[in-house]
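Chemist:
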Amino acid sequence: MASFAETLISWYDDHKRDLPWRGETDPYKIWVSEIILQQTRVQQGWDYYHRFLDNFPNVKTLAEADEEKVLKVWQGLGYYSRARNMHAAAREIMAEHHGIFPQTYDKIRSLKGIGNYTAAAIASIAFHLPYPAVDGNVIRIVSRIFGICDDVTQPAVLKRITAICETEIDPDQPGVFNQAAMDFGAMQCVPRNPKCNECPFQSSCYAFKNNLTDTLPIKKKKGESKHRFFHFTIYLSDNQTIIEKRTGSDIWKNMYQFPLTETDSEKWPEKPVFATREVLSHQIIHAAYYVKNVKKLPKTAENQSVIDFDEIEKLPMPKIMILFLKHLE
Ligand code: SF4
2 MASFAETLIS WYDDHKRDLP WRGETDPYKI WVSEIILQQT RVQQGWDYYH RFLDNFPNVK
62 TLAEADEEKV LKVWQGLGYY SRARNMHAAA REIMAEHHGI FPQTYDKIRS LKGIGNYTAA
122 AIASIAFHLP YPAVDGNVIR IVSRIFGICD DVTQPAVLKR ITAICETEID PDQPGVFNQA
182 AMDFGAMQCV PRNPKCNECP FQSSCYAFKN NLTDTLPIKK KKGESKHRFF HFTIYLSDNQ
242 TIIEKRTGSD IWKNMYQFPL TETDSEKWPE KPVFATREVL SHQIIHAAYY VKNVKKLPKT
302 AENQSVIDFD EIEKLPMPKI MILFLKHLE
């Protein structure tokens with residue numbers, strides 16, 4: 002089976018965008034393109050990239066320019082600290098690196114205005130160093146394909162995603178891998194309505210297989226989303242099971258589910274046969290399902306009833322139940 006990197010790069014070979022900085026190996030020009038693209042759409046960035054390089058073709062000319070001129074060339078792009086930081090970093094390169102663009106990740110990362118992502122992009126594309134450039138696109142791709150179902154705004158989760166990329170990156174062509182991931186996120190695995198039907202990862206993608214492309218990546222906004230842990234037990238006896246109706250003022254009122262125990266953690270004495278999540282506006286439901294084959298069904302509670310398993314689908318059910326039934330099929 003092809004590796005993640007092989008599949009990604011093969012997709013890239015067929016679909017890569019034609020961008021003015023493609024094929025560029027000059028770290029200065031890669032740096033300019035990456036900084037411009039941080040908060041700018043590609044089409045607008047394209048014009049500014051040419052304009053910036055016409056005015057400041059290399060580190061030296063940028064370092065020697067007046068800050069006012071740099072800001073003027075940047076005018077209209079917004080986020081002016083980007084231009085100020087580049088100007089300061091160019092002066093730093095002249096003063097501390099003899100005008101030569103630093104060639105290690107750590108030295109690149111230490112320049113003003115350069116974060117992990119930009120340092121990795123420059124290090125990999127210009128110097129073939131195996132650092133994954135993890136931005137929003139890559140977070141989305143990895144969380145969908147590898148099934149990262151935790152809040153990606155948490156540093157520990159971002160670390161996990163970065164670790165996956167470090168394992169998967171092609172050490173022989175890290176720059177191509179990073180650019181392929183950028184294009185794949187921008188063109189194929191887009192935030193809304195990703196093009197799953199023509200995707201080379203379809204057969205292995207966790208989000209696609211579990212119907213979670215709308216849910217992943219999970220980004221918890223501050224002060225929102227309570228986590229709830231639902232454990233459903235499916236009792237089976239002669240094709241019959243117990244189903245219960247949700248009552249009270251909670252979510253999914255009057256819909257049906259298997260007998261539920263809600264706890265405040267994922268912990269449960271048994272291993273679930275299926276687990277999924279649903280993100281609602283103020284809560285994330287973590288659902289786990291446990292099957293019990295029994296000789297005799299247990300006594301039902303007031304809101305529960307015994308039903309033929311085949312009849313369940315006729316009842317109104319929340320999405321997490323439908324996903325489980327699909328999984329059983
Ligand atoms: S199958 Fe869909 S969600 Fe998965 S990687 Fe492809 S486009 Fe993205």
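For what it's worth, my numbering labels the leading residue of the sequence shown as 2, then goes sequentially. Just so you know, even glycine gets a beta-carbon here, dropped at the ideal spot from N, CA and C.
Is the CB-CB distance between Lys227 and Thr154 below 8 Å?
Modeler: Cβ distance not < 8 Å, so Lys227 and Thr154 don't count as in contact.
Chemist: To which residues of the same chain is Ile10 closer than 8 Å at the C-beta, ignoring the five residues directly before and after it?
Modeler: So the qualifying residues of the chain are Asp171, Gln174, Val177, Phe178 and Ala181.
Chemist: State the CB to CB distance for the pair Thr299 and Tyr236, rounded to an integer number of angstroms; the pair is presumed to be in contact (CB under 8 Å).
Modeler: Note that residue 299 corresponds to Pro in the displayed sequence, not to Thr. With 8 Å as the limit, Pro299 and Tyr236 qualify as a contact, their Cβ atoms being about 6 Å apart.
Chemist: Nearest CA to the CA of Asn304: which residue from Asp265, Lys315, Leu261 and Leu324?
Modeler: Among Asp265, Lys315, Leu261 and Leu324, the Cα nearest to that of Asn304 belongs to Leu261.
Chemist: For a test of your reading of the model: does the CB of Gln203 fall under 7 Å from any non-hydrogen atom of the ligand SF4? Yes or no.
Modeler: Within the cutoff, so yes.
Chemist: Between which residues of its own chain and Tyr50 is the CB-CB distance below 7 Å, once the five residues before and five after are set aside?
Modeler: Result list for Tyr50: Pro21, Trp22, Val33, Ser34 and Ile37, in chain order.
Chemist: If the criterion is Cβ atoms closer than 8 Å, does the pair Pro270 and Ala289 meet it?
Modeler: For Pro270 and Ala289, no; Cβs fall outside 8 Å.
Chemist: If Val158 and Asp151 are in contact, beta carbons under 8 Å, what's the gap, nearest whole angstrom?
Modeler: Correct: roughly 5 Å between the Cβ atoms.
Chemist: Where does the unbroken alpha helix (DSSP H) through Ala1 begin, and where does it stop?
Modeler: The question about residue 1 has no answer here: the residues shown for the chain are numbered 2 through 330.
Chemist: Classify Glu279: buried if its beta carbon has 16 or more other beta carbons within 10 angstroms, exposed otherwise.
Modeler: Classification of Glu279: buried, given that the 10 Å Cβ count is 16 or more.
Chemist: Given this structure, state the Cα-to-Cα distance separating Arg161 from Pro133, to the nearest angstrom.
Modeler: Computed Cα separation, rounded: 13 Å.
Chemist: Is Arg141 helix, strand or coil by DSSP?
Modeler: Helix.
Chemist: Give every residue of the same chain whose Cβ lies closer than 6 Å to the Cβ of Glu169, excluding the five residues on either side of it in the sequence, and list them in chain order.
Modeler: Closer than 6 Å at Cβ, skipping near neighbours: Phe5 and Ala6.
Chemist: Kindly provide the ranges of any beta strand (DSSP E) runs that are 3 or more residues long and lie completely inside the segment 242-307, ordered along the chain.
Modeler: Counting only runs of 3 or more, we get 261-264, 275-280 and 284-294.
Chemist: Flag this pair as touching only if the segment 54-74 and the segment 87-100 have three or more C-beta atom pairs under 8 Å; answer yes or no.
Modeler: As far as the Cβ criterion goes, the segment 54-74 touches the segment 87-100, which means the pair count is three or higher.
Chemist: In the DSSP assignment, find the alpha helix (DSSP H) that holds Lys227 and state where it starts and stops.
Modeler: Lys227 -> not in any alpha helix (DSSP H); beta strand (DSSP E) instead, spanning Lys227 to Leu237.
Chemist: May I have a chain-ordered list of the alpha helix (DSSP H) segments no shorter than 4 residues that lie completely inside the segment 85-129?
Modeler: You should have 106-110 and 117-128.
Chemist: Thr214: beta carbon under 7 Å from a heavy atom of the ligand SF4?
Modeler: Yes, Cβ of Thr214 sits closer than 7 Å to a heavy atom of the ligand SF4.
Chemist: Is there a Cβ from chain B that is less than 8 Å from the Cβ of Asn86?
Modeler: Going by chain labels, chain B is absent from the structure shown, which holds only one protein chain.
Chemist: Quick one: Cα of Val139 to Cα of Ser238, how far?
Modeler: Spanning the two alpha carbons is a distance of roughly 46 Å.
Chemist: CB-CB under 8 Å to Gln203, same chain, minus the five flanking residues each way: which ones, in chain order?
Modeler: Counting only Cβ-Cβ distances below 8 Å, and skipping sequence neighbours, we find Cys197 and Phe209.
Chemist: Can you tell me whether Pro192 sits near the ligand SF4, meaning its C-beta is under 7 Å from at least one heavy atom of the ligand?
Modeler: For the ligand SF4, not one heavy atom lies less than 7 Å from the Cβ of Pro192.
Chemist: Out of curiosity, what's the CA-to-CA distance linking Arg85 and Trp75?
Modeler: Their Cα atoms are separated by approximately 10 Å.
Chemist: Indicate the three-state DSSP secondary structure (helix, strand or coil) for Asp173 in the structure shown.
Modeler: In the structure shown, Asp173 sits in coil (DSSP, three-state: anything other than H, G, I, E or B).
Chemist: Does the count of Cβ pairs from the segment 182-194 and the segment 24-31 closer than 8 Å reach three?
Modeler: Output reads no: the segment 24-31 does not touch the segment 182-194.
Chemist: Taking the C-alpha atoms as reference points, what is the distance between Met322 and Gln258?
Modeler: Distance between the alpha carbons of Met322 and Gln258 is about 7 Å.
Chemist: Hey, would you say the C-beta of Cys150 is under 7 Å away from at least one heavy atom of the ligand SF4?
Modeler: No, the ligand SF4 has no heavy atom inside 7 Å of this Cβ.
Chemist: Identify the residues that DSSP records as bridge partners of Asp309: which are they?
Modeler: Answer is Gln241.
Chemist: With distances taken between CB atoms, is the gap from Val71 to Phe102 smaller than 8 Å?
Modeler: Taking 8 Å as the Cβ cut-off, Val71 and Phe102 do not qualify as a contacting pair.
Chemist: Can you check which of these residues, Asp136, Pro131 and His129, is closest to Thr119 by C-alpha distance?
Modeler: Selected option, being the one with the closest Cα: Asp136.
Chemist: Hey, would you say the C-beta of Cys166 is under 7 Å away from at least one heavy atom of the ligand SF4?
Modeler: Result no, Cβ not under 7 Å from the ligand SF4.
Chemist: Measuring alpha carbon to alpha carbon, tell me which of Lys268, Lys113, Pro201 and Asn240 ends up nearest Val295.
Modeler: With distances taken between Cα atoms, Val295 lies closest to Asn240.
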